[in-house]
Structure formats: C-alpha cells, structure tokens
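These protein sequence lines map, in sequence, to chains A and B. Here the first sequence is numbered in this note's numbering, starting from 473 and rising by one per residue. Here the second sequence is numbered in this note's numbering, starting from -17 and rising by one per residue. We treat Cβ as the ideally placed atom computed from N, Cα and C, and that holds for glycine. Keep in mind the model is a prediction, meaning the values are calculated, not measured. Written out below as structure tokens is the structure these notes cover.
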Amino acid sequence: MAGISLRGVEKHYGAVRVVHGIDLEIAHEEFVVLVGPSGCGKSTTLRMIAGLEDITGGEVRIGERVVNDLPPRKRNISMVFQNYALYPHMNVRDNLGFGLKIAGQSPAVIAQRVDEAAAILGLTDLLGRTPAELSGGQRQRVAMGRAIVRHPDAFLFDEPLSNLDAKLRGQMRAEIKKLHRQVRTTVVYVTHDQVEAMTLADRIVVMRDGYIEQVGTPMEVFNRPANTFVATFIGSPPMNLLEGRIEGGQVRLLSGEAVPVPARLAGRVVERQEVVLGIRPDDISPVGHGLGAAAEPADLTLTVSIAEPLGMESLIYTTIAGQEVQAKLYGPHILQPGEVLPFRLALERAHLFDARTGATLEVR
Amino acid sequence: MTALAPARPLKKRLQSTGLWLLTFVLMVIMCVPGLWVMLSAFRPNREILAKPPIWVPEALTLGNFAKIFGFGAEQVGIPVASYFANSMIIALTSTVIALIIGMAGGYAFARYRFRFKGGIFLGLMLFRAVPGIALSLPIFMVWSRLGLIDTKPGLIIIYVSLNVPFTVWLIDGFFRQIPMSLSEAAQVDGCTRWQAFWKIEFPLARSGIAAAGVFAFLTSWNEYALASQLTRSTDSKTLPVGLMDFTAQFTIDWAGMCAMAVIIIIPALIMTFLVQKHLIAGLTFGGVKG
Chain A
473 MAGISLRGVE
483 KHYGAVRVVH
493 GIDLEIAHEE
503 FVVLVGPSGC
513 GKSTTLRMIA
523 GLEDITGGEV
533 RIGERVVNDL
543 PPRKRNISMV
553 FQNYALYPHM
563 NVRDNLGFGL
573 KIAGQSPAVI
583 AQRVDEAAAI
593 LGLTDLLGRT
603 PAELSGGQRQ
613 RVAMGRAIVR
623 HPDAFLFDEP
633 LSNLDAKLRG
643 QMRAEIKKLH
653 RQVRTTVVYV
663 THDQVEAMTL
673 ADRIVVMRDG
683 YIEQVGTPME
693 VFNRPANTFV
703 ATFIGSPPMN
713 LLEGRIEGGQ
723 VRLLSGEAVP
733 VPARLAGRVV
743 ERQEVVLGIR
753 PDDISPVGHG
763 LGAAAEPADL
773 TLTVSIAEPL
783 GMESLIYTTI
793 AGQEVQAKLY
803 GPHILQPGEV
813 LPFRLALERA
823 HLFDARTGAT
833 LEVR
Chain B
-17 MTALAPARPL
-7 KKRLQSTGLW
3 LLTFVLMVIM
13 CVPGLWVMLS
23 AFRPNREILA
33 KPPIWVPEAL
43 TLGNFAKIFG
53 FGAEQVGIPV
63 ASYFANSMII
73 ALTSTVIALI
83 IGMAGGYAFA
93 RYRFRFKGGI
103 FLGLMLFRAV
113 PGIALSLPIF
123 MVWSRLGLID
133 TKPGLIIIYV
143 SLNVPFTVWL
153 IDGFFRQIPM
163 SLSEAAQVDG
173 CTRWQAFWKI
183 EFPLARSGIA
193 AAGVFAFLTS
203 WNEYALASQL
213 TRSTDSKTLP
223 VGLMDFTAQF
233 TIDWAGMCAM
243 AVIIIIPALI
253 MTFLVQKHLI
263 AGLTFGGVKG
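Here it is in structure tokens:
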C-alpha cells in the first residue's frame, strides 16, 4: 500500500516561489494527472516527489514514510522522463535491468523480470538493440519497461509523450492506460495536454502559477470547473467566456443582448452582479443542429465568420456581444462565411463565474 | 554572357588545381623535416653528413639506436634510458593528476551552479593565455627556494598547472552534452550520485576524457622550454632536454640525435592517432542523442 501525500509543499529558488504550499492526497493505485500550462510548477512538484529537487517547505509522504530528506534511490519510485533518458551505452536488456543490478539482484532474477517486462511491453525482440537503434515509440516503451521491472511503490511520468508525433501519442496513451490496469500501481503523471489528462486520469489536478486550481475526476473538472482558468484549460475547443451583468434575472451581455440565468444558478446571483457566462462550443449550435434538445434553450441570431468542417461536425467562429465565440454544428453541412443563422444555447450546461475573482458561482 | 560561359569551368579547374598544389607544397614543407629525421635515424653518420647530400639512403642500420641505448661496439655516454623513464613518469603522473582535476572541475562547471562560476572559468582560460616561458624566471626562483629544481615533482607540478585549464575546459564540454536526466534516471533507479557518475556519465564522457588525457600527455611529453631550465641531471631530465646532450662543443652527433628524436616521436604519434579516433567518437556521440 503506497499512496502519496503532499502537505503544504513549497519550492523556492532564492526569492522566486514556484510552488506555494500545495496539499494533495493520492490514493494507493490511483492514476493522478498534474496538468497545467508551462511554468505552473507541475514538473517541479513531480521532481520533489521523486527526490530530484529539494523540498523547501512542507512534507511529502510515500506510503507511511516522510521522504523529504531521502535521496531518490531510497524512495522506491520509478520515473519516465520526457526525453526517455535511456542509457545510450547499454542495450535494451541492460537498460531494463540496470536498477535491479544496482539493487544487487541475482542475474537469474534480473533476466526473469526483464523478460517479464519486455513481454508486457512487446520489447522481447528488441532486447539486444541500443537506444540509438530504436524508434521514438520503442524508446518510450523501454523507458516504461525500466520503470516497471523494479516493482516500485509509484510511477512518476514527466510529460512522457510530448516528444512523439500525434498518432503515436494516441497509441502510447492507450498503452499507458492498459499498463496501469495491468500493474496496478500509484501513478503521478505530468502533462500540459488536457486530452492526456482527461483520458488517463482517475483524478486530475489542475495547476497554475504554483497553486492547485482544482482537483477532481475528469468529468468533475470538465462539468463543474472551479473557475474560469480551469473552464478554459480543460476541454477542447475551450469554453467560451462572455462578460455581463445580472439584470432582472438575466445575464445582460456587454452589447446589450441578454440571456436568462441558468435555472440552477438563479438563487446564486444578486442583481447588478458582474459575472462571466461560460458556455462550451458544443452547447452553442445552429437551431436544429445541436446534440439533442436543449432543456433551457436561449436563441440568438448570429453571423458565421468562419466555419471549419471536420467531417461529421463543423467548428463555427462567430461573435456574441463583440467577443469571438466558437460554436458547433453537428452533421455534414457546409456553412458559408457571412451566413446569418439562429443559434441555440443549451443554458442548462452553461456556467456562471464571478467576474472579479473568476470563481464559479455553483454550490461547491 | 554566353561567351563567358565556357571560361568559368576552366577558371574553376585552375582554382582547384592551384589549391591542390598549394596544399601539396605546404604538406611537403611540414612533413619533409620529420621524414628526414626518421630517415637519418637509420643512416650512418657519414651518409647524413655527406656533401653533396645523399637523397636516397644507400645503407640502413639500427646501429644508431643500439648506440644510444648502450649496446654494440660504439657507445654514447648519454643516459637515454633514464631520460625516457623520467619523461614517462613525469608525463604520465602529470596527465593522471590533470585528468582527475579536469574531471572534477569539468563536472562541477557542467552540472553545478556556484558563486563566481563564470569568473573562475574565465580565469582558468586566461591562465592558458600566458606563455609558459614568461613564467620561467619566477618559477625558477620559487622552485629553487622550495628545493624543487631538478626533481620530478617540480616538473609534474608545472605540467599539471599547464594542463588543468585545458582538461577542465574540454571535459566540461563533454559533460554538458550528456543530458542531466540520465544521471537523474540512474539515481531514481537506485544509484547514489557517485554511482550514477561512474556508471552512466563517466562511460559516456570517456572519449572526451581520453582525448583530454592524450592532449595533456603530449603537452608534458614534448615540453622543452621550462624543462630545460629546471632540470640538471638524470634525476629529472626529460627526453627533449636530453636531446641537447648530443651537441658537444665542436661536434653534433646527428645520427644519435635523430635516433632519439624518433624515440620521442613514436609515443607522440601513437597518441595522436588515439586522439583522432576518440575525438571522432566523442563528436558523433553528440549527434545520435535524442
């Protein structure tokens, strides 16, 4: 049993604070993804768990042990690096077995565990090659193999897929998920790619500027974003944000148009409150071309500026109240720029945020 | 324009022929003295001194070598074997020390942040800019007080200080090419930082370290100016200094001198070939990373 627990963890480089006292409990066998834009402190946090960075303040526990002052080798974790960090002067077999050899395992045990890991990852035919003779995806698999042979308490992944092309990334994403199901070990995974976060995570930790913005399951983070940052960071294309003000039970947008306050939020707003209305592109569609019927429809007449056909759907750029907005059209239709159409907003899935703090107005 | 067109290839051909000729002449200028030394080492003295010169040797002999090492009928009173031993001991010891310091320093400059790092590095490089001979008088005075004149440690210390800036600089460059994450991966895999260095980073920087070692060895092996002032006897005289023993007041034993020069050149030549191989290996390592 080895969960990971961070309590008030801080990291300073001189006067620069990169992680501001974060708290996080990761359960045994849980797959947690730290996601955020570059410079948000996610990699630093991972490296503090690994022991590759000193912890300025707070406490990191792996299992029951406080590991703050333990070197990486005593933490019983393994790590997959962004550039794979395979040892160029060793073949795949020696790369996989290196950790076991250092730990003083007998050659028989090493060979057996290496073969086992190689079989799981489909590396059996490549054991004699050196890293230079492998493709990107194969190197990635060797890096993962090196992590699993040691049967560690936790796997740490530092942007492991960002050096791969899009197709391979999709494949490897699936393999990582499969691997986790097979070996059932706690995983902390760092990425800046929200698709990876959504598809892999049991729980997502969204970080910005050294703070945790929200922790939750992918669906929680997607459906109930804690603030405008999470709302725009998770989901692709990002959520549209429209500034406005509450007037007579309606959100009056900057240009004067108004849409009703979503029913579930009616009791959460006060008259004349400055708010931000958040609505995902999937919830704005030309009338009759959305996904299912809207429970709380609001109709606006909008002009198409650009339409990007993606096959079964099109991404539409239009403007609401002077702000560019993305909308979706389902079905294989072609729209022309300049077309004026009635659009329907599915308000039951819209969000309201406080304009000043950016925080959601939902009950939390 | 059309009239000029055929003229251009001709001009180009002339240009490249000219370049080849120039290169050839330069190579001849550089190589002939060396080849002449080699040749003379295997010829009897009278053939070397013949006038007009005998270009194609009529007799080749190993007598010159036998003579300077004290075998055979004719002997020369020069302790070549001791000089050779001195040279080896001094060059090898100073190289090993310069490499150890170079590895520690190069690793520190490549991997750690510390105060005055840039200044210290610049200082080391500027030290190389001072011609060694300019320091000979102060070194002589200090060494005589310390009793280091005509001792092997005296020369070793000087050669170490000549070589350290260079080995630090070269080895720093090689460590810089090795991604930090390799050592980190090794540490996560269970290594101490020390083990990670010896098992991962050292083997990868080995070509660079070998190259630095060969350069350091050659510097010490060939150095003449300072050694000639600081050595007196068979206790510390090195081969290049010993070469001058062949000049007496009225005669110069060219044959013996050339034989000895060959003995000096051979290890240097072997080392140079090693450098070539390792430098290429070191440079291509950087290319396949990724």
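Distance, residue j Cα to residue i Cα
i, j, result
"Gly272(B)", "Ala90(B)", "Note that Gly272(B) scores a pLDDT of 36, beneath 50, so its modelled location is shaky and nothing firm can be said."
"Gln231(B)", "Trp18(B)", "24 Å"
"Arg214(B)", "Trp151(B)", "33 Å"
"His664(A)", "Val507(A)", "5 Å"
"Asp566(A)", "Phe96(B)", "35 Å"
"Tyr275(B)", "Lys546(A)", "Here chain B has residues from -17 to 272 only, and residue 275(B) is not among them."
"Glu497(A)", "Val170(B)", "22 Å"
"Gly728(A)", "Phe553(A)", "51 Å"
"Ile60(B)", "Met70(B)", "17 Å"
"Thr657(A)", "Pro709(A)", "32 Å"
"Met9(B)", "Ile50(B)", "31 Å"
"Met679(A)", "Lys514(A)", "7 Å"
"Glu811(A)", "Ala770(A)", "20 Å"
"Ile153(B)", "Gly172(B)", "26 Å"
"Ala735(A)", "Ala818(A)", "12 Å"
"Lys650(A)", "Val733(A)", "43 Å"
"Ile248(B)", "Ser218(B)", "21 Å"
"Ala619(A)", "Leu593(A)", "11 Å"
"Arg(-5)(B)", "Trp180(B)", "54 Å"
"Gly721(A)", "Ala766(A)", "19 Å"
"Glu495(A)", "Ser477(A)", "A small fix is needed here, since residue 495(A) is Asp in this sequence, not Glu. Rounded to the nearest angstrom, the two C-alpha atoms are 8 Å apart."
"Ile36(B)", "Arg25(B)", "11 Å"
"Ala168(B)", "Thr602(A)", "17 Å"
"Arg724(A)", "Met616(A)", "52 Å"
"Gly45(B)", "Met12(B)", "27 Å"
Cβ pair residue i, residue j closer than 8 Å
i, j, result
"Gly716(A)", "Leu749(A)", "yes"
"Val747(A)", "Ile792(A)", "no"
"Glu820(A)", "Tyr802(A)", "no"
"Val505(A)", "Ala669(A)", "yes"
"Asp625(A)", "Ala499(A)", "no"
"Gly682(A)", "Val481(A)", "no"
"Gln177(B)", "Ile574(A)", "yes"
"Ala198(B)", "Ala23(B)", "no"
"Ser757(A)", "Pro809(A)", "no"
"Gly190(B)", "Gly155(B)", "yes"
"Ala604(A)", "Pro543(A)", "no"
"Ala250(B)", "Trp203(B)", "yes"
"Ile72(B)", "Tyr141(B)", "yes"
Min CB distance residue i to chain B below 8 Å
i, result
"Pro560(A)", "yes"
"Ile757(A)", "Note on residue identity: the sequence assigns Ser, not Ile, to residue 757(A). By this cut-off, Ser757(A) is not an interface position."
"Leu524(A)", "yes"
"Gln612(A)", "no"
"Leu606(A)", "no"
"Pro690(A)", "no"
"Pro579(A)", "no"
"Arg752(A)", "no"
"Arg545(A)", "yes"
Any chain A beta carbon closer than 8 Å to residue i
i, result
"Ile191(B)", "no"
"Ile153(B)", "no"
"Gln177(B)", "yes"
"Thr277(B)", "It is not possible to answer for residue 277(B), since the shown part of chain B is limited to -17 through 272."
"Ile182(B)", "yes"
"Lys271(B)", "For Lys271(B), the predicted structure reports a pLDDT of 39, less than 50, and the residue's modelled location is therefore unreliable. A value from the coordinates is still provided. So, interface residue."
"Leu256(B)", "no"
"Pro185(B)", "yes"
_What are the residues in the segment 158 to 172 of chain B lying within 7 Å of chain A by C-beta distance?_
Pro161, Ser163, Leu164, Glu166, Ala167, Gln169, Val170, Asp171 and Gly172
Notebook entry, point to check: Looking at C-beta atoms only, is the number of pairs between the segment 135 to 143 of chain B and the segment 151 to 165 of chain B that lie closer than 8 Å three or more?
Noted result: no
**Prompt:** Residues in the segment 548 to 577 of chain A with C-beta within 7 Å of chain B's C-beta atoms, listed in sequence order?
**Reply:** Ile549, Ser550, Met551, Phe553, Asn555, Ala557, Tyr559, Pro560, His561, Phe570, Gly571, Ile574 and Ala575
TODO: Decide if the segment 641 to 648 of chain A is in contact with the segment 567 to 585 of chain A; the criterion is three or more beta carbon pairs, one per stretch, under 8 Å apart.
DONE: no
Is there contact here, the segment 227 to 241 of chain B with the segment 25 to 43 of chain B, by at least three beta-carbon pairs under 8 Å? yes
(message) Taking contact to mean 3 or more Cβ pairs, one atom from each stretch, closer than 8 Å, check whether the segment 188 to 198 of chain B and the segment 104 to 120 of chain B are in contact.
(response) no
Original post:
Counting pairs of beta carbons, one from the segment 612 to 620 of chain A and one from the segment 628 to 638 of chain A, are three or more of them closer than 8 Å?
Top reply: yes
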